[in-house]
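Peer 1:
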Amino acid sequence: MSAGTGESRYRITGMDCAACASKVDTAIRRIPGVEDVAVSVSAGMARIRHADSFESSAVVRQVRGLGYGAEPAMASADGDADGAHGNKGEREVPWWETSKARLTAACGSALLAAYILGNFMPSLERPAFLAALAVGLVPVAWRAITAARFGTPFSIETLMSIAAIGAVFIGAEEEAATVVLLFLVGEMLEGVAAGRARTSIQGLAALVPKTAFLERDGQTREVPGDSLAVGSTILVRPGDRVPADGTVVEGSGEVDEAPVTGESVPKRKAVGDPVFAGTVNAGSVLRVRVTAAASDNTIARIVRLVEEAQESKSPTERFIDRFSKVYTPAVLVVGALVAMVPPLAFGGDWGEWIYKGLAILLIGCPCALVISTPAAIAAGLSAGARRGLLMKGGAVLESLGTITAIAFDKTGTLTAGKPVVTDIVPESRSAQQVLSLAAALEKGSSHPLAMAILDRAKTDKVPTPPSFDANAVPGEGVEGSVGGERVFLGSPQAVSRHTALTADQENAIAALNAEGKTVSVVVVAGSVAGFLAMRDEARPDAMAGLASLKASGIRTVMLTGDNRRTAEAVAARLGIETRAELLPQDKQRIVRELQAEGFKVAKIGDGINDAPALAAADIGIAMGGGTDVALETADAAVLHGRVKDIPDMIALSKSVMGNIRTNIAIALGLKGVFLVTTIIGITGLWPAILADTGATVLVTANAMRLLGWRPS
Numbered sequence: 002m003s004a005g006t007g008e009s010r011y012r013i014t015g016m017d018c019a020a021c022a023s024k025v026d027t028a029i030r031r032i033p034g035v036e037d038v039a040v041s042v043s044a045g046m047a048r049i050r051h052a053d054s055f056e057s058s059a060v061v062r063q064v065r066g067l068g069y070g071a072e073p074a075m076a077s078a079d080g081d082a083d084g085a086h087g088n089k090g091e092r093e094v095p096w097w098e099t100s101k102a103r104l105t106a107a108c109g110s111a112l113l114a115a116y117i118l119g120n121f122m123p124s125l126e127r128p129a130f131l132a133a134l135a136v137g138l139v140p141v142a143w144r145a146i147t148a149a150r151f152g153t154p155f156s157i158e159t160l161m162s163i164a165a166i167g168a169v170f171i172g173a174e175e176e177a178a179t180v181v182l183l184f185l186v187g188e189m190l191e192g193v194a195a196g197r198a199r200t201s202i203q204g205l206a207a208l209v210p211k212t213a214f215l216e217r218d219g220q221t222r223e224v225p226g227d228s229l230a231v232g233s234t235i236l237v238r239p240g241d242r243v244p245a246d247g248t249v250v251e252g253s254g255e256v257d258e259a260p261v262t263g264e265s266v267p268k269r270k271a272v273g274d275p276v277f278a279g280t281v282n283a284g285s286v287l288r289v290r291v292t293a294a295a296s297d298n299t300i301a302r303i304v305r306l307v308e309e310a311q312e313s314k315s316p317t318e319r320f321i322d323r324f325s326k327v328y329t330p331a332v333l334v335v336g337a338l339v340a341m342v343p344p345l346a347f348g349g350d351w352g353e354w355i356y357k358g359l360a361i362l363l364i365g366c367p368c369a370l371v372i373s374t375p376a377a378i379a380a381g382l383s384a385g386a387r388r389g390l391l392m393k394g395g396a397v398l399e400s401l402g403t404i405t406a407i408a409f410d411k412t413g414t415l416t417a418g419k420p421v422v423t424d425i426v427p428e429s430r431s432a433q434q435v436l437s438l439a440a441a442l443e444k445g446s447s448h449p450l451a452m453a454i455l456d457r458a459k460t461d462k463v464p465t466p467p468s469f470d471a472n473a474v475p476g477e478g479v480e481g482s483v484g485g486e487r488v489f490l491g492s493p494q495a496v497s498r499h500t501a502l503t504a505d506q507e508n509a510i511a512a513l514n515a516e517g518k519t520v521s522v523v524v525v526a527g528s529v530a531g532f533l534a535m536r537d538e539a540r541p542d543a544m545a546g547l548a549s550l551k552a553s554g555i556r557t558v559m560l561t562g563d564n565r566r567t568a569e570a571v572a573a574r575l576g577i578e579t580r581a582e583l584l585p586q587d588k589q590r591i592v593r594e595l596q597a598e599g600f601k602v603a604k605i606g607d608g609i610n611d612a613p614a615l616a617a618a619d620i621g622i623a624m625g626g627g628t629d630v631a632l633e634t635a636d637a638a639v640l641h642g643r644v645k646d647i648p649d650m651i652a653l654s655k656s657v658m659g660n661i662r663t664n665i666a667i668a669l670g671l672k673g674v675f676l677v678t679t680i681i682g683i684t685g686l687w688p689a690i691l692a693d694t695g696a697t698v699l700v701t702a703n704a705m706r707l708l709g710w711r712p713s
């Protein structure tokens, strides 16, 4: 952001579709000092980048002049706009209490009264229908005039106003009033659908409890959840939701992460493990040290990310926007030609052809077409976010379905990222004794291999006796006294300086090394007691995830800086081609090579050492549990780090694009049919507006189906 440039956020109410957002966008851009605008219908927010000379109140005046509500999104003390959390302290207004619902009810009541009055007093029928028409049309016409003043002359309201006023002049006021009512019903239904999309993602924010139990000076007291400071210690009881991101400092138990990540199986949490705001403590009491403020916890960042993603448009959406700007004036021209050419050139009846021209204006309303793409994109982004699949905008969501090759990082992506003991080979002592002796020496160490040995000893419930005089031998291993015996634990090369390995032992170690395993040998009193083999194992779902991608015809390759032997062992088990011993720039080069071969490439990694390759790829996807890198570095992120989430993300993209194609077909297909039937005289104004309103409702309902999307 350049010097002298600021950014402000405004909450906009009453927007139901992309046409609303377009009018707001155009109007705000005309304000002096505004440099850029991003409007999100689903979030009900406008983000404005502006010069220092910008006048904030001008935005409120301009937007309210269009008929929408507008107010600055209040920033909290930590600088976060409240909009990112679902409008703190503000009740979501039910659809039946909205101004559009009240206007629709008033217009419907006036129309019903006109029908009743017309039956009993025929002389008052025309004035009654004109009055009913005025109830609905005056607000619509005022919005059309205001939109024209602020830069959108060819709006949906303009077409509706011209058609309704024209109908009065040819004596079709009853139809005109009914048409306006149907138009208002369609707008109200759009509002209901937009509200559902907003509620879907803001429902995530509601997962975070409003209060927390803060521990301080030996006392526990209940405090507001958003007041928790980083470093505070909180108590989370069984059955409670975790009120903040943090690290477990005392206790252990199962935590249900399904609300945040979609992970169906509760995860075991112990001291040192991270927990996320909004997850449910299903086990025993946990004490948690807070690691993120309320405005920056996992849930808040997901909501903020999705809201910002919905502000950015996909290529299809941008095309539809450009198309509608040409399409709407073209409809006006076609309507005028249909109304005037047959009477002037062929002696047709003026009343009949003006009626047909007005019907064409209503058929041509681009509402269904304009909403077809953003409604599906917003629903798709929300559905993905609720399952831990985050995408930064419609362009990313759209592009994912076109991916033809995926380059995976190894450590922490295809593998768990930490070694485990895979083999215990006994020699002069039993397997249990070998593990017990090794664990005794490694107790207290934080080295990854030491942690693997200690975890295996804990899992196998092997006793860990105390060790004495234990100390690290630089470049070799660790030695000490256990049970009165001198014990050494180290690499096979280091062991050769303590005792001789037999040919069989050397062959066994070589075989384990060939499988990509690291071997540590236990020596007791100058004799080989046995050895342990360790390896960073593949994630449990990695094989199924890769198989799913291959079944879809997507090429997969593993890029790793690890040694060739280890990489090839992992790749052989997973059935994936591999390139090993790579530097970050090598990974980037290989991504470029795949692109040169014609592939559309996604790169999956941790977002740090893979940054060059992530940037070079068509789509960069970060694996991680809600870290800053996972949420902010790449184009997309999978929160719970499962390989099978990648094909699910691609499947979601394809579902959304299929939904968009169906929506466009419905919108244009219905218009095409009614255009023909209107010109040949089969249908008139009522079917015309039903075609437009019906298409809008069908398109919106079809897009909302995506909110219930589930991975196959």
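Following the numbering used here, the numbering of the sequence shown begins with 2 at its first residue and continues without gaps.
Here a beta-carbon is modelled for each residue, glycine too, at the ideal position from N, C-alpha and C.
With 16 as the cutoff for other CB atoms within 10 Å, does residue 105 come out buried or exposed?
Peer 2: By the neighbour-count rule (16 or more Cβ atoms within 10 Å), residue 105 is buried.
Peer 1: Could you tell me which residues DSSP puts in a beta bridge with residue 51?
Peer 2: Note: residue 51 sits in a beta bridge opposite 7, 35.
Peer 1: Counting Cβ pairs, one atom from each stretch, are 3 or more of them under 8 Å apart for the segment 521-528 and the segment 458-473?
Peer 2: As far as the Cβ criterion goes, the segment 521-528 does not touch the segment 458-473, which means the pair count is below three.
Peer 1: For the 8 Å Cβ check, are there 3 or more pairs between the segment 224-241 and the segment 271-288?
Peer 2: Yes, the segment 224-241 is in contact with the segment 271-288.
Peer 1: Under 8 Å by Cβ, that's how I've got residue 226 and residue 209 pegged, so tell me the actual separation to the nearest angstrom.
Peer 2: With a Cβ gap of about 6 Å, residue 226 and residue 209 count as contacting.
Peer 1: What are the boundary residues of the beta strand (DSSP E) that residue 72 is part of?
Peer 2: Per DSSP, residue 72 belongs to the beta strand (DSSP E) from 70-73.
Peer 1: In chain order, what residues of the same chain have a beta carbon less than 6 Å from the beta carbon of residue 21, not counting five sequence neighbours either side?
Peer 2: Counting only Cβ-Cβ distances below 6 Å, and skipping sequence neighbours, we find nothing.
Peer 1: For residue 253, which three-state DSSP category applies?
Peer 2: Correct three-state label for residue 253: coil.
Peer 1: Mind pulling the alpha helix (DSSP H) runs of 4 or more residues that sit fully within the segment 362-395?
Peer 2: Listed in chain order, they are 368-386.
Peer 1: Here's the rule I'm using: 16 or more other beta-carbon atoms within 10 Å means buried, otherwise exposed. How should residue 628 be labelled?
Peer 2: Any answer about residue 628 is weak, because its pLDDT of 48 lies below 50 and its placement is not dependable; what the coordinates show is given next. Residue 628 comes out buried.
Peer 1: Skipping 5 residues on each side, what residues in its chain have a beta carbon closer than 8 Å to that of residue 54?
Peer 2: Correct list, in chain order: 33, 34.
Peer 1: Are residue 689 and residue 679 closer than 8 Å when you measure CB to CB?
Peer 2: Yes.
Peer 1: Quick one, which of 229, 345, 335 has its alpha-carbon nearest residue 294's?
Peer 2: It is 229.
Peer 1: Return yes when the Cβ of residue 185 is within less than 8 Å of the Cβ of residue 112, no when it is not.
Peer 2: Taking 8 Å as the Cβ cut-off, residue 112 and residue 185 do not qualify as a contacting pair.
Peer 1: By DSSP, does residue 76 sit in helix, in strand, or in coil?
Peer 2: Bear in mind that a pLDDT of 46 at residue 76, under 50, signals an unreliable position, so the model cannot answer this.
Peer 1: Under 8 Å by Cβ, that's how I've got residue 367 and residue 537 pegged, so tell me the actual separation to the nearest angstrom.
Peer 2: Residue 367 to residue 537, Cβ: 55 Å. No contact.
Peer 1: Is the Cβ-Cβ distance between residue 411 and residue 571 less than 8 Å?
Peer 2: Taking 8 Å as the Cβ cut-off, residue 411 and residue 571 qualify as a contacting pair.
Peer 1: Compute the Euclidean distance between the alpha carbons of residue 89 and residue 300, then round it to the nearest angstrom.
Peer 2: In this prediction, residue 89 has a pLDDT of 41, which is less than 50 and means its spatial position is unreliable; what the coordinates show is noted afterwards. About 14 Å.
Peer 1: Which residues mark the beginning and the end of the alpha helix (DSSP H) in which residue 147 is found?
Peer 2: 126-150 is the extent of the alpha helix (DSSP H) around residue 147.
Peer 1: Would you tell me roughly how many angstroms separate the C-alpha atoms of residue 15 and residue 52, rounded to the nearest one?
Peer 2: Roughly 27 Å between the two C-alpha positions.
Peer 1: Tell me the DSSP secondary structure of residue 541 in three-state form.
Peer 2: Note: residue 541 maps to coil in three-state DSSP.
Peer 1: Three-state secondary structure (DSSP) at residue 431?
Peer 2: Coil, per DSSP.
Peer 1: Would you mind working out which of 640, 66, 207 sits nearest residue 392, comparing C-alpha positions?
Peer 2: Closest by alpha carbon: 640.
Peer 1: Going by CA-CA distance only, name the one from 9, 100, 494 that's closest to residue 58.
Peer 2: Looking at the Cα atoms, 9 is the closest of the given residues.
Peer 1: In whole angstroms, what is the alpha-carbon distance linking residue 328 and residue 334?
Peer 2: Their backbone Cα atoms lie some 10 Å apart in a straight line.
Peer 1: Does the beta-carbon of residue 122 have 16 or more other beta-carbons within 10 angstroms, so that it is buried, or is it exposed?
Peer 2: Exposed, since its Cβ has fewer than 16 Cβ neighbours within 10 Å.
Peer 1: In this structure, does DSSP put residue 345 in helix, strand or coil?
Peer 2: Here residue 345 sits in helix by DSSP.
Peer 1: Who does residue 613 pair with in a DSSP beta bridge?
Peer 2: In DSSP, residue 613 forms no bridge with anything.
Peer 1: What residues in its chain sit with their C-beta under 8 Å from that of residue 219, if we drop five residues either side in the sequence?
Peer 2: Here the set comprises nothing.
Peer 1: Starting from the C-beta of residue 743, find all residues in its chain whose C-beta is less than 6 Å away, skip the five residues before and the five after it, and write them out in chain order.
Peer 2: Since the first residue of the chain shown is 2 and the last is 713, residue 743 is not available in this structure.
Peer 1: Given that a residue counts as buried once 16 or more other Cβ atoms are within 10 Å of its Cβ, and exposed if not, what is residue 78?
Peer 2: Because the pLDDT of residue 78 is 35, which lies under 50, any placement of that residue in the model is unreliable, and the question is left without a value.
Peer 1: Evaluate residue 395 with the Cβ neighbour count: other Cβ atoms within 10 Å of its Cβ, from every protein chain shown; 16 or more gives buried, anything less gives exposed.
Peer 2: Buried, since its Cβ has 16 or more Cβ neighbours within 10 Å.
Peer 1: Below 8 Å, can you find three or more Cβ-Cβ pairs linking the segment 436-451 to the segment 587-607?
Peer 2: The segment 436-451, when compared against the segment 587-607, does not touch it at the 8 Å Cβ threshold.
Peer 1: Please identify the residue among 189, 535, 61, 659 whose C-alpha is closest to the C-alpha of residue 108.
Peer 2: Answer by Cα proximity: 189.
Peer 1: Quickly, what does DSSP pair residue 598 with across the bridge? List them, please.
Peer 2: In DSSP, residue 598 forms no bridge with anything.
Peer 1: Can the beta-carbon of residue 27 be found closer than 8 Å to that of residue 151?
Peer 2: Contact: yes.
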